[in-house]
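Visitor:
Residue numbers (this note's numbering): 15 to 308.
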């Protein structure tokens, strides 16, 4: 399931000026006119809590927030709520992100979490000014970016069998100068990569390198093992950055930010070329396919 804008509706708001309507934030378009968006009550208390219900359980990655002119937000907390039954009052919430100095210029805030609810908490009023004598806060635009998930999503949670003669291999590799943290990381097997935050092409490269690693253990080729351990970690980190850049590219295209899209596209090209170099070094199945295509 790819990332996209997640539809939502408002289920709770602890403070609202009667001349505004927070439900207008659920529309796909935004406006900074006085009649659109949301403003807190002129005499309301803080903190202000706004709870939105996503139209489906989702992995939330970013939110796009903008205030109305002159009614800025000094600080905002984002809490993701989840629960299999009940209302937003029964969900369990956890802090997933913070933002400061929100203005009428849309700002992207990175979040991390899975759930069906998103609570926006504004802990204090805005600074009073001639244009904002009551210290009100506001929202002119609110959009949520993520992808659908559900409680039936399969996540492997299996006991992994011990690797034969692993302790002997570890002792030899430590004697060759391999750092202990690399040995601990190297305990991961190919089943972990299936759900890792790396792109699919890099997963194929890592799996092929894991097969070479298995043969090297069998043949007691410890020089090759030493180099493989370092290279697998490098390729994994490249794949993680490719995955991140691809999501940033999709998000930039969705909000029509083409400067960021160009930057991400160029970054992806460099990262993929760097990864492909390791495919060539180890003769992976991806490298064989590239030769056939050429």
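Heads up, the beta-carbon is just placed ideally off N, CA and C, and yes, glycines get one too.
(1) Given this structure, state the Cα-to-Cα distance separating residue 59 from residue 152, to the nearest angstrom.
(2) Beta-carbon separation of residue 105 and residue 90 under 8 Å?
(3) Expressed to the nearest angstrom, what Euclidean distance is found between the alpha-carbon atoms of residue 276 and residue 269?
(4) Please determine, among 130, 29, 52 and 31, the residue with the shortest C-alpha to C-alpha distance to residue 40.
(5) Are the Cβ atoms of residue 225 and residue 260 separated by less than 8 Å?
(6) Would DSSP call residue 35 helix, strand or coil?
(7) Are the C-beta atoms of residue 71 and some chain B residue less than 8 Å apart?
(8) Taking residue 111 as the reference, give the member of 253, 136 and 289 with the closest Cα.
(9) Provide the residue span of the alpha helix (DSSP H) that contains residue 253, from first to last.
(10) Cutting at 8 Å between CB atoms, please list the residues of its own chain near residue 245, excluding the five before and the five after it.
(11) In angstroms with no decimal places, state the Cα-to-Cα distance between residue 264 and residue 234.
(12) Kindly list the residues whose CB is nearer than 6 Å to the CB of residue 180, restricted to its own chain and excluding five residues on each side of it in sequence; keep chain order.
(13) Which ranges would you report for the beta strand (DSSP E) in the region 36-105 if only whole runs of at least 3 residues count?
(14) Going by DSSP, name the residue or residues bridged to residue 135.
(15) Apart from the five residues just before and just after residue 250, which ones in its own chain have a Cβ nearer than 7 Å to its Cβ?
(16) What would DSSP say about residue 113, mapped onto helix, strand or coil?
(17) Name the one or two DSSP bridge partners that residue 153 has.
(18) Alpha carbons only, please: which of 68, 107, 71 and 242 is nearest the one belonging to residue 92?
(19) Using C-beta distances below 7 Å, list every residue in its chain close to residue 254, excluding the 5 sequence neighbours before and after it, in chain order.
(20) In the DSSP assignment, what residue or residues form a beta bridge with residue 26?
(21) Quick check: the Cα distance between residue 28 and residue 96, rounded to an integer number of angstroms?
Guide: To lay it out plainly:
(1) Roughly 14 Å between the two C-alpha positions.
(2) No, Cβ-Cβ distance for residue 105 and residue 90 is not below 8 Å.
(3) One C-alpha to the other measures close to 13 Å.
(4) If we check each option's Cα against that of residue 40, 52 comes out closest.
(5) No, the Cβ-Cβ distance between residue 225 and residue 260 is not below 8 Å.
(6) Residue state, collapsed to three classes: coil.
(7) Here chain B cannot be found, since the structure has a single protein chain.
(8) Selection 253, 136 and 289 evaluated against residue 111 yields 136 as nearest (Cα-Cα).
(9) Note, residue 253: alpha helix (DSSP H), 236-268.
(10) Counting only Cβ-Cβ distances below 8 Å, and skipping sequence neighbours, we find 223, 292, 295 and 296.
(11) Going from the Cα of residue 264 to the Cα of residue 234 covers about 44 Å.
(12) At residue 180, the pLDDT of 48 sits below 50, so the modelled position is not reliable and the matter cannot be decided from this model.
(13) Fully enclosed beta strand (DSSP E) runs of 3 or longer: 62-80 and 87-96.
(14) Beta-bridge analysis with DSSP links residue 135 to 63 and 91.
(15) Same-chain partners within the cutoff: 212 and 220.
(16) Three-state result, residue 113: strand.
(17) According to the DSSP secondary-structure assignment, residue 153 is paired through a beta bridge with 52.
(18) It is 107 whose Cα lies nearest to the Cα of residue 92.
(19) Taken in chain order, the residues that qualify are 211 and 212.
(20) Beta-bridge pairing links residue 26 to 65.
(21) Cα-Cα distance, rounded: 20 Å.
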